[in-house]
Amino acid sequence: MNWKNNQLENYKEVMVPNYLPANFIPKKALGSKVWDSEDKEYIDFGGGIAVNSLGHSNPELVKALKDQSEKLWHLSNFIASEGAINLGKKLTENTFADKVFFSNSGSEANETAIKIVRKFHSSINSSKTEIISFNNSFHGRSVLNISLGGTEDSSQEFSPLVENIKHAEFNDIESVKNLMSEKTAAIIIEPVQGETGIVEAKREFLQEIRSLCNEYQTSLVFDEVQSGVGRTGYLYAYMKYGVEPDILTSAKGLGGGFPIGVTLVKNELAKTLQPGSHGSTFGGNHLACAVANKVIDIVNNQDFLEEVKNKERIIRSNLEDISSKYELFSDIRSSGLWFGCDLIKDRSSFEFLDLGYEEGLILVPAGPNKVRLAPALNIEEKDILEGMDRLERVASKF
Ligand code: PLP
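Take any residue in the sequence shown, count from 1 to its spot, add 2: that is its number in the numbering used here.
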C-alpha cells in the first residue's frame, strides 16, 4: 500500500463518508497550479468550485491576510471592524445595495436574505408567506436552502422541509405567473444557474420577473453566490442584464478561498433587522474582510473584467475543438470564466474527473454527467493552454 492509499484509509477512518475524494492529497499550490506530496503537478480548472478567484497563494491576498493576522483576528460584532466597514462601503458603492450583512458562506447569506424578507412582511402585517424558487436551482445545504433548491437530489431524506416554497421553471415566465399571488413574499433566483451546469437566464425573463415583483410588492432575491465577483466578466452577473434585485447574496469568490458570505440589501428591507434580530459569530471577521477587500480591489476593474471575457473566448474555442475532435460534449455553455459541458450520452462526470487527475488536471462536476470549469479569473494563458493539452489527453482516453 503506498502513502496515497494510507492517507485515504486514514480519511475513511475519521471522516463521515459524505464525500468521495480524489486519489491524491495536495501539499501546495501557486497561481493555477497544485502539487501533491509526490510533487505531481496539476493545472487547476476547478478553482475550488468557483472560489479561488485570484488563484492559489496570490501574493496580494497572502500579504493582506498576513498583515491582518499580526494585528487582530476576532472580537465580535459587538465591536465594529474597520475591514467590514471598508468592504461594506465598496460593495454598496459599486452595486444596487444600500446595506450589507456579513456571514461565512453562501448558505448563510441566503438564510439571511429569507429572514429579512420574512421579518419585513411580518413587521407590516402582510399576508405574504410564500417563496418562489426554480427547478434545477441550487442554494446551499441547510434545511432552508435544500427546501429552496430545485434539484432531484436527496432533499426529501431530510424532511420535513421548509414549507410554502414553490418551484417554477427557469426561463419560463408563464410558470412563474402561474405561481405568483398576493401571498408571494419573495422570488429567489440565480441569474446564472451554476450547479446545474451554467445556464444563463434570458434577459426578458429576468425583466419580466422584476416587473412581476414590482406589481405584487414581492422582494426579488438574486443568489449570486457562485456567479458573483467577476466570474461572469461582470462584478455581479445582474449587471450584464441591467435588472436590479432587492437583495443579493454573495460568497465563494468574494474571499478568494477565505470563507466569507454577504447579503446585500436595499434600505427599505435592511431596516427591518434591528439589534438582536439576527447574528453571526464570525460574520465580517477581520481576517475574512482583509482578504475580501483586496479581492474586490483587484476584480472591480474594467480591464480585469475584460480579460475574463477574453479568456472565456480562448477556453471556449479550445473546448469546442476538443469536443468536435473526440465527440466529447453534446453542449458547451459559458458565462465568463465559467463553463458547463454536457458529456455525450450522459457518461459519468466522475469518471472524466478521475482521468483528469491522472493527467494532472483538476475539474469539477456539475451533476452526474456534466463537467464544469471555473478556473481562477487571473489564470495565465500558458496555464490555460497546458490545461487544454491535458484535457485533450483525457478526452482521447475517455
Ligand atoms: N448558492 C449558490 C448559487 C451556490 O452555488 C452555492 C454553492 O455552491 C450556495 C448557494 C451555497 O454556498 P455555500 O456552500 O458556501 O454554503
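Think of the CB as a built atom: it goes at the ideal place given N, C-alpha and C, for glycine as much as any other residue. A quick note: this is a predicted structure, and the numbers were derived from the prediction, not measured.
{"Check": "Grouping DSSP H, G and I as helix and E and B as strand, with all else coil, what is M3?", "Outcome": "Caution is warranted here: a pLDDT of 35 is assigned to M3, below 50, making its placement in the model unreliable, and the coordinate value is therefore given only provisionally. Three-state result, M3: coil."}
{"Check": "What residue ranges within the region 42 to 88 form continuous alpha helix (DSSP H) runs of no fewer than 4 residues, ordered along the chain?", "Outcome": "49 to 52, 61 to 71"}
{"Check": "Decide yes or no for the touch test of the region 70 to 81 against the region 279 to 297: beta carbon pairs closer than 8 Å, at least 3 of them.", "Outcome": "yes"}
{"Check": "Indicate whether T94 and F103 have their beta-carbon atoms separated by less than 8 Å.", "Outcome": "no"}
{"Check": "Would you mind listing the beta strand (DSSP E) stretches within the region 347 to 382 that are 3+ residues and don't spill past its ends, in chain order?", "Outcome": "372 to 375"}
{"Check": "Might you give, ordered along the chain, the residues of its own chain that have their beta carbon closer than 8 Å to the beta carbon of E184, omitting 5 neighbours on each side?", "Outcome": "S129, K130, Y218"}
{"Check": "Helix or strand or just coil, what does DSSP make of T251?", "Outcome": "strand"}
{"Check": "Does the beta-carbon of A290, which I'm using as the reference point, lie nearer than 7 Å to any heavy atom of the ligand PLP?", "Outcome": "no"}
{"Check": "With 16 as the cutoff for other CB atoms within 10 Å, does Q195 come out buried or exposed?", "Outcome": "buried"}
{"Check": "Does the ligand PLP have a heavy atom nearer than 7 Å to the CB of N112?", "Outcome": "yes"}
{"Check": "Do you know whose CA, among L222, K101, D323, R120, lies nearest K268's CA?", "Outcome": "K101"}
{"Check": "Could you tell me whether the region 306 to 317 touches the region 82 to 94, where touching means 3 or more Cβ pairs closer than 8 Å?", "Outcome": "no"}
{"Check": "Kindly indicate which three-state DSSP category I126 falls into: helix, strand or coil?", "Outcome": "coil"}
{"Check": "Rounded to whole angstroms, what is the Cα-Cα separation between V53 and E40?", "Outcome": "25 Å"}
{"Check": "Who pairs with H409 in a beta bridge, going by DSSP?", "Outcome": "Residue coverage of the chain in this structure runs from 3 to 400, which leaves residue 409 outside it and unanswerable."}
{"Check": "Over what stretch of residues does the alpha helix (DSSP H) that includes D100 continue unbroken?", "Outcome": "Looking at the DSSP string, D100 is not in any alpha helix (DSSP H), and its letter there is neither H nor E."}
{"Check": "To the nearest angstrom, how far is it from the Cα of I148 to the Cα of I298?", "Outcome": "29 Å"}
{"Check": "Quick one: grab the DSSP three-state call for R143.", "Outcome": "coil"}
{"Check": "Taking its Cβ as the centre, do 16 or more other Cβ atoms sit within 10 Å of F172, making it buried, or is it exposed?", "Outcome": "buried"}
{"Check": "Considering only DSSP beta bridges, list what A31 is partnered with.", "Outcome": "V36"}
{"Check": "For the alpha helix (DSSP H) that contains I334, what are its first and last residues?", "Outcome": "I334 -> not in any alpha helix (DSSP H); beta strand (DSSP E) instead, spanning 331 to 336."}
{"Check": "Check F341 in the structure and name its three-state DSSP category.", "Outcome": "strand"}
{"Check": "Determine which residues share a DSSP beta bridge with E202 and list them.", "Outcome": "V194"}
{"Check": "Report yes if the C-beta distance between I249 and A294 is below 8 Å; otherwise report no.", "Outcome": "no"}
{"Check": "Would you check if the region 49 to 69 and the region 24 to 32 touch, i.e. whether three or more CB-CB distances between them fall below 8 Å?", "Outcome": "yes"}
{"Check": "Quick one: grab the DSSP three-state call for S104.", "Outcome": "Note that residue 104 is Phe in the sequence shown here, rather than Ser. Strand at F104."}
{"Check": "Counting C-beta neighbours from all protein chains within 10 Å, is the total for W340 16 or more, i.e. buried, or is it exposed?", "Outcome": "buried"}
{"Check": "According to DSSP, is T234 part of a helix, a strand, or is it coil?", "Outcome": "coil"}
{"Check": "Quick one: what does DSSP say L163 is sitting in, helix, strand or coil?", "Outcome": "coil"}
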